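>
Numbering (this note's numbering), first residue to last: 401 to 514.
This is the structure in structure tokens:
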């Protein structure tokens, strides 16, 4: 029997890959600073795996917006709370550890784009 998740097409376009990379970096940074591990602890591995799965299955694919602005909340409440905590903590640190990705990740209003 094929489950609903396996029926969906997995997203692997450049925007989704970039999102996955940024989320993974934020989770690694959070784990390093909060849990004092060089490698991801079990809790952070679980969150990272879940985030990668949700991004791969995002129904909006390459047209996705920031998750906070998305009309569909695909994260379970517990994971949503955890990823918000990670992003709040890691966001400012990303400017120091990954400045180029941080600047590229800042949303630019459409009227300022070419």
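A virtual CB, placed ideally from N, CA and C, is assigned to each residue, including glycine.
Just so you know, these numbers come straight off a predicted model, no measurement behind them.
Do you know whose CA, among 504, 413, 503, lies nearest residue 457's CA?
413
> Could you check the C-alpha separation between residue 470 and residue 422 for me, to the nearest Å?
18 Å
> Quick check on residue 410: does DSSP put it in helix, strand or coil?
coil
> Between which two residues does the alpha helix (DSSP H) containing residue 440 stretch?
Counting along the chain, residue 440 falls outside any alpha helix (DSSP H), and DSSP gives it neither H nor E.
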